Amino acid sequence: MCAGAAPTGTVHRRSMVRPGKERLMIRSDRARRSGRPGRPSRDHLNGRRQVRLRTSLGPDVLRIKAIRGRESVGEPFAYELELLTEQRTFTPDELIGQPVGVDIDLAGGRVRHVHGIVWQCRRLPDQGGWVRLFATLVPWLRLLEQSTDCRIFQRMSAPEIIKQVFRDHGYSEFHDALTGTYPVREYCVQYRESALDFVSRLMEEEGISYLFRHEASRHELVPFDDSPGAPVSDHCPALPYIEPDAVNDLNERVWDWSMRSDLRPARYAHTDYDFEKPNKPLLTRAGAPWDPPSATFEVFDYPGGYVHSDHGQRDSSVRIEELHADQTAFSGRSSARGIEAGRRLRLERDPFEISDYFVTTASLEIVMDQHESVRAGGDEAIVSVTFEATPAPRRFRPVRRTPRPVVRGPQTAEVVGPAGREIHTDEHGRVKVQFHWDRYGKRNDDSSCWIRVSQAWGGKGFGGVTVPRIGQEVIVDFLEGDPDRPIITGRVYNGANRASLNLPADAMKTCLRTNSLNRTGGYNEIVFDDTSGKEGLHMRSQYDHTYWVGHDRSGEVVNDSSEKVGHDLAQQVVNNAVEQVGVDKMIDVGSNLVINAGTSITLKCGASTIYMNQAGVISISGTVITTSATTNAAMVAPLTQVSGGIMLALVGGVTLVEGIATHVGGAVLASLRGGKVDVAGEAETVIKGAPIKMDRKAIMTALSASMRPVRLLPDDLVVGRPVPCVLLRDESSRLILWNLADGSTEACTDAGERRCRRPIPVRRVNRAGARWRDRGRRSWRCRWRAVVHWTGRRSQARSTVTA
């Protein structure tokens, strides 16, 4: 049993001052024995009061008249102190923000300490010569309500974040009593919320409760997650339950003890989504650790705020414990000043036979009616305690009261990354940003988490990808308004990043322009121009342009088309290539033109054809074929044949036809013409035709020095007019003019002479040595070595002229 006031007398129960409060009058032992009203004790008159105030102002500046307060597990406590002072110039500002301690005497000489910081102070009008003040005492945790921030925490667990916030605000008065393991949060944002709301929200999400441990000059925060392992109160380990109407002499006890049960869901389930593993099931559920009467009800929520199933399972267990934390609750009244929230209490004579309880809420009110008591000769106090508790074996989890901050709409941010980089992304095309509200960010790759980027189209292996560059301003939205879940939905220009078009002059254009890395000034670009009468599509590639067509590619240019290749052009057609030009086509090659075909090449123009094949056969056919050269035209081959079905003409200033075997023939006519025609054969010279016509003014057949034979082999030898003669050379190199018309000969001094000095008689014989005639032609036998042969068409006889 715990005792409240110091045992200086007997406590008599009087009428209730107000519901829940009992007036306790403490008399001195001498007054109790004499039966007279007691006088104030010397300790009281000398400042030894049951409830004492300690401030930095001194011991007698302020006196406490009453203390009223409430403390709950997982909430900052608040005590209101009613104070008196005789200093009429005292102002509330002298107490604001100051640490204040209250000492409450308990049985056995023990003292309960209440320590806090003055949050608020009010001054009321003077009464009875005293200045009345009301000061609100709160823990240092409550002061974090005055600090609001926007801040990003990365790769830290919730307890680590909470401790970091405490240290950053200059508070180290906390004791970590956590026993669980908490997952690392890759990205956690405090967004436009107070530091108190932020740490309270984190603790509520993780199922962490806290209590306060008070000392004479300080108090500390104790976070915990195992209520069954909570400590037993040092000030009030046990209390008896006594019915309200029972008469007793006990200072402290419990009465008005009641039990309450609520209908709560039996299961909790939630799920989430992991974009890296979109098909991974993340649904988890947990049931109550006992059998509630509502076994058919389930709470389902989304999103769960996790991407790992084990984290989700832990969270669902915490949530069901939260729902059932006060499903069965007990409440009562007491006069015990030592009852504190967050401690275990043993209840003796428990009508519900539980006995072991965990106190979740405790309210205390002590009113020291000391001035009236002084004048009445007594020392009275009004003490009232109400509290709530749950069965100690049941794990207590705080209710999620603190709302999660909501980003009400999209906002913009700047893409950031490591120094010296222009693009910073991961395998998913995500980027990092610096939010405009993040005053702690360093504009580097640690300014935010990886943020997904919305694309114009996205699918499995297809879609569009445009990765925002460092320095670009992007539009960031938040899934369900959660600042912990940003997503980039767009990009915008600003004063530093101007548009690629000259606006508003180029407002009719739609442009997509990239920017080459390393600030070279290059870019790729697609521009749509909607100017009336000048509509166009402009495409630019800074370096390479590659395209691939899986089937057909077709296009049409209504007017002109031009293409310029600065270096080389290579085209490869696997099958056929057809090019059709309606009018003209010109090919202008500065150096060489090579056309290579594996089988044949054919050039056609009307009736003209040039054909060549892989066997080396070249054929040129046409109505008229002209070969012209300003300097030299040469045809060289082991066998060269030039033929004309009707006529073959070789014309030149000097025309040479030479070869091992040179054949000049015409089916109808073979004609050699020139100012001078020289036909020479080293072994034998054959002139063949049907017939052979010699009709120039002078036809000279020059033989070699050895006077090798010259054979004329016509079907008919026709000697035309006006020069029916042949100029021959004899053994002594004399020139002989042979008149083919009458068969006479005459000697000439040179080739240019047309007259002979004297006639030379000849003997006319036939083949047998006698004269004969063949179609009017004769055979002459001469004494020269030059022999003229021809064969008559009719008799096929062979006529000779020999030397």
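In the numbering used here, the protein residues as written are 4 to 806. All residues carry an ideal CB built from backbone N, CA and C; glycine is no exception. The structure displayed is predicted, hence computed values, not measured ones.
Under a Cβ-count criterion, where at least 16 other Cβ atoms within 10 Å of its own Cβ denotes burial, should LEU606 be classed as buried or exposed?
Residue numbering aside, residue 606 sits at position 603 when the sequence shown is read from its first letter. Exposed, because fewer than 16 other Cβ atoms sit within 10 Å of the Cβ of LEU606.
Tell me which residue opens and which closes the beta strand (DSSP E) that VAL121 is part of.
Within the sequence shown, numbered from 1, the residue matching residue 121 stands at position 118. 114-130 is the span of the beta strand (DSSP E), which, as asked, contains VAL121.
So for ARG774, helix, strand or coil by DSSP?
As a working note, residue 774 is residue 771 in the sequence shown. With a pLDDT of 38 at ARG774, under the threshold of 50, the modelled position of that residue is not reliable, and the figure given next carries that caveat. Reduced to three states, the DSSP call for ARG774 is coil.
Considering only the alpha carbon of each residue, which of PRO354, HIS327, ARG317 and LEU367 lies closest to ARG336?
Working through the sequence shown from its first residue, we reach residue 336 at position 333. Closest by alpha carbon: LEU367.
Using a Cβ-Cβ distance cut-off of 9 Å, determine whether ARG411 contacts chain C.
The question asks about chain C, but that chain is absent: this structure has only one protein chain.
According to DSSP, what are the bridge partners of TRP258?
The sequence position of residue 258 within the sequence shown is 255, counting from 1. BP columns for TRP258 point to ARG336.
Mind checking which residues open and close the beta strand (DSSP E) that includes GLU74?
By one-based count along the sequence shown, residue 74 stands at place 71. Looking at the DSSP string, the run of the beta strand (DSSP E) that includes GLU74 is 66-75.
Between the alpha carbons of LEU504 and ARG522, how many angstroms are there, rounded?
Translated into positions along the sequence shown, residue 504 becomes position 501. Translated into positions along the sequence shown, residue 522 becomes position 519. Each residue's alpha carbon lies about 19 Å from the other.
In angstroms, rounded to a whole number, what distance separates the CA positions of GLU196 and GLU148?
For the purposes of this step, residue 196 is taken as the residue at position 193 of the sequence shown. For the purposes of this step, residue 148 is taken as the residue at position 145 of the sequence shown. Approximately 9 Å between the Cα atoms of the pair.
Any idea if ARG543 is buried or exposed, counting beta-carbon neighbours within 10 angstroms, 16 or more meaning buried?
Stepping through the sequence shown from its first residue, residue 543 is reached at position 540. Under this definition ARG543 is an exposed residue.
Expressed to the nearest angstrom, what Euclidean distance is found between the alpha-carbon atoms of GLU85 and VAL105?
Sequence index remark: in the sequence shown, residue 85 carries index 82 (1-based). Sequence index remark: in the sequence shown, residue 105 carries index 102 (1-based). Whole-angstrom Cα-Cα distance: 12 Å.
When the Cβ atoms of the segment 512-526 are set against those of the segment 450-463, are three or more pairs found closer than 8 Å?
No: the two stretches stay apart, fewer than three of their Cβ pairs being nearer than 8 Å.
Quick test of your reading: ILE473 and ILE426, contact by CB under 8 Å. State the CB separation rounded to the nearest angstrom.
In the sequence shown, counting from the first residue as 1, residue 473 sits at position 470. In the sequence shown, counting from the first residue as 1, residue 426 sits at position 423. Between ILE426 and ILE473 the Cβ distance is about 7 Å, and since that is below 8 Å, they are a contact.
Whose C-beta lies closer than 6 Å to the C-beta of ASP275 among residues of the same chain, with five residues either side of it excluded?
Residue mapping note: residue 275 aligns to position 272 of the sequence shown, counting from 1. If we look at ASP275 and ignore the five residues flanking it on each side, its Cβ neighbours are LEU285, PRO306, GLY307 and TYR309.
What residues in its chain sit with their C-beta under 6 Å from that of VAL530, if we drop five residues either side in the sequence?
The residue labelled residue 530 in the question sits at position 527 within the sequence shown. Result list for VAL530: LYS512, CYS514 and HIS541, in chain order.
Taking 8 Å as the threshold, find out whether the segment 93-111 comes into contact with the segment 398-415 through three or more Cβ pairs.
No: fewer than three Cβ pairs fall under 8 Å.
On the DSSP letters alone, give me the boundaries of the alpha helix (DSSP H) that VAL202 sits inside.
By 1-based counting over the sequence shown, the position of residue 202 is 199. Run containing VAL202: 198-209, per the alpha helix (DSSP H) assignment.
Which residues in the same chain as PRO421 place their Cβ atom closer than 8 Å to its Cβ, once the five residues preceding and following it in sequence are excluded?
Counted from its first residue, the sequence shown places residue 421 at position 418. Cβ neighbours of PRO421 beyond the five flanking positions: HIS427, ASN447 and ASP448.
Tell me the DSSP bridge mates of PHE156?
As a working mapping, residue 156 is identified with position 153 in the sequence shown. PHE156 pairs with CYS191.
Around the C-beta of ILE623, are 16 or more other C-beta atoms found within 10 angstroms, so that it is buried, or is it exposed?
If you number the sequence shown from 1, residue 623 lands on position 620. Looking at its Cβ environment, which holds fewer than 16 other Cβ atoms inside 10 Å, ILE623 is exposed.
Could you tell me if TRP293 is buried or exposed, where buried requires 16 or more neighbouring beta carbons within 10 angstroms of its beta carbon?
Here the question's residue 293 lines up with position 290 in the sequence shown. Exposed.
I need the boundaries of the alpha helix (DSSP H) containing LEU326, first residue and last residue.
As a first step, residue 326 is located in the sequence shown; it is residue number 323 there, counting from the start. Per DSSP, LEU326 belongs to the alpha helix (DSSP H) from 312-326.
So is ILE99 buried or exposed if we call it buried at 16+ other beta carbons inside 10 Å?
Within the sequence shown, residue 99 is the residue found at index 96, counting from 1. By the neighbour-count rule (16 or more Cβ atoms within 10 Å), ILE99 is not buried but exposed.
Excluding sequence positions up to five away, which residues of its chain have a Cβ less than 6 Å from the Cβ of PHE438?
Position 435 of the sequence shown, counted from the start, is the residue given in the question as residue 438. Cβ within range, chain order: ALA416.
Among ILE342, TYR185 and ILE598, whose alpha-carbon lies nearest the alpha-carbon of HIS311?
Here the question's residue 311 lines up with position 308 in the sequence shown. Checked all of ILE342, TYR185 and ILE598; the closest Cα to HIS311 is TYR185.
For ASP106, name the three-state secondary structure that DSSP assigns.
Position 103 of the sequence shown, counting from 1, holds the residue named residue 106. Of the three classes helix, strand and coil, the one that applies to ASP106 here is strand, per DSSP.
Using a Cβ-Cβ cutoff of less than 7 Å, which residues in the same chain neighbour THR182 once the five nearest sequence positions on both sides are dropped?
Along the sequence shown, one-based indexing puts residue 182 at 179. Excluding residues within five positions, the ones whose Cβ falls inside 7 Å are ASP228 and ASP229.
Thinking C-alpha only, which one of SER387, VAL620 and SER212 is nearest ALA233?
On the sequence shown, position 230 is the one that residue 233 refers to. Checking every option, the nearest Cα to that of ALA233 belongs to SER212.
Out of LEU242, PHE303, TYR271 and HIS314, which one is the CA nearest neighbour of ASP277?
Stepping through the sequence shown from its first residue, residue 277 is reached at position 274. Answer by Cα proximity: HIS314.
For ARG522, does the three-state DSSP call read helix, strand or coil?
Within the sequence shown, residue 522 is the residue found at index 519, counting from 1. Looking at ARG522 - three-state DSSP - the assignment turns out to be helix.
Per the DSSP calculation, ASN616 is bridged to which residue(s)?
The residue you call residue 616 lines up with position 613 of the sequence shown. DSSP output for ASN616 lists SER603 as bridge partner(s).
Expressed to the nearest angstrom, what Euclidean distance is found between the alpha-carbon atoms of GLY625 and ALA636?
As a working mapping, residue 625 is identified with position 622 in the sequence shown. As a working mapping, residue 636 is identified with position 633 in the sequence shown. For GLY625 and ALA636, the distance between alpha carbons rounds to 20 Å.
Here's the rule: buried if 16 or more other CB atoms are within 10 angstroms of the residue's CB, otherwise exposed. What is ASP371?
The residue given as residue 371 occupies position 368 in the sequence shown. First, the amino acid is wrong: residue 371 is Met here, not Asp. MET371 comes out buried.
Any chance you could list the beta strand (DSSP E) runs of at least 3 consecutive residues sitting entirely within the segment 382-433, in chain order?
Taking only runs of at least 3 residues, the beta strand (DSSP E) segments lying wholly in the segment 382-433 are 382-394 and 414-419.
Per DSSP, what kind of secondary structure is PRO489 in: helix, strand or coil?
Here the question's residue 489 lines up with position 486 in the sequence shown. PRO489: strand per DSSP, three-state reduction.
If you draw a straight line from the C-alpha of ILE478 to the C-alpha of GLY493, how long is it?
Start at 1 with the first residue of the sequence shown, and residue 478 comes out as number 475. Start at 1 with the first residue of the sequence shown, and residue 493 comes out as number 490. Those two C-alpha atoms are separated by around 5 Å.
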